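Data first, discussion second: the structure below is written as structure tokens.
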Amino acid sequence: MTDDLRTLYQEVILDHNKNPRNFRAMEDADRVLEGYNPLCGDRYTLYVRVKDDVIEDVSFTGSGCAISKASASLMSSIVKKKTLKEVDQLFGRFHDLVTGNKGAVAPEELGKLAVFAGVSEFPARVKCASLAWHTLKAVLKNQETPVTTE
Ligand code: ZN
Numbered sequence: 838m839t840d841d842l843r844t845l846y847q848e849v850i851l852d853h854n855k856n857p858r859n860f861r862a863m864e865d866a867d868r869v870l871e872g873y874n875p876l877c878g879d880r881y882t883l884y885v886r887v888k889d890d891v892i893e894d895v896s897f898t899g900s901g902c903a904i905s906k907a908s909a910s911l912m913s914s915i916v917k918k919k920t921l922k923e924v925d926q927l928f929g930r931f932h933d934l935v936t937g938n939k940g941a942v943a944p945e946e947l948g949k950l951a952v953f954a955g956v957s958e959f960p961a962r963v964k965c966a967s968l969a970w971h972t973l974k975a976v977l978k979n980q981e982t983p984v985t986t987e
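Converting from the sequence shown to the working numbering requires adding 837 to each position, the first position being numbered 1.
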């Protein structure tokens, strides 16, 4: 990764941490679930509204480190209006990216999610980056028990 790219990625993460998108409680959510990463203390509540297998709206509240908050923010922007099947594929690609399974996924397929490529160099941060995604996956399966990364 070039230094320019690294700087750009850092800026995107800092921006989403400072101004998280879809950062609000959703009054008419039909599914709500809490996700917790005890390793870092990241704790979020995810709100989702699904209709005909499409994510109509998604939002979140809570607090945690910059990586976890930026990841939840980007995730919420990207999965909106996507089908559950598309979300499942995105989760798989994102997981490959942050766990360093390079070659499994072309960066251009990931769009903005590519900013988390650097996370694979910091194993302790993988849970921060994937918390929102694990929570999303669980809430879409109608899981009711809070998600924990441990
Ligand atoms: Zn964290």
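We put the CB at the ideal spot given by N, CA and C, even for glycine.
None of the values given here were measured: they were computed from a predicted structure.
Is the separation between the beta-carbon of residue 869 and that of residue 846 shorter than 7 Å?
Not closer than 7 Å, so no.
Should residue 839 go down as buried or exposed, given a rule of 16 or more other Cβ atoms within 10 Å for buried?
exposed
Could you name the residues whose beta carbon sits closer than 6 Å to any heavy atom belonging to ligand 1, keeping them in chain order?
Qualifying residues come out as 874, 877, 879, 901, 902, 904, 905, 965.
Is there a Cβ of chain D sitting closer than 7 Å to that of residue 977, yes or no?
You won't find chain D in this structure, because it holds only one protein chain.
With a cut-off of 8 Å, do at least 3 Cβ pairs link the stretch 869 to 879 to the stretch 962 to 972?
yes
Any chance the stretch 959 to 967 sits against the stretch 851 to 866, with 3 or more Cβ pairs inside 8 Å?
no
Have a look at residue 921 and residue 842 and give me their C-alpha separation to the nearest angstrom.
About 31 Å.
Just to confirm before moving on: does the CB-CB distance between residue 953 and residue 924 stay below 7 Å?
No, these two residues do not count as a Cβ contact at 7 Å.
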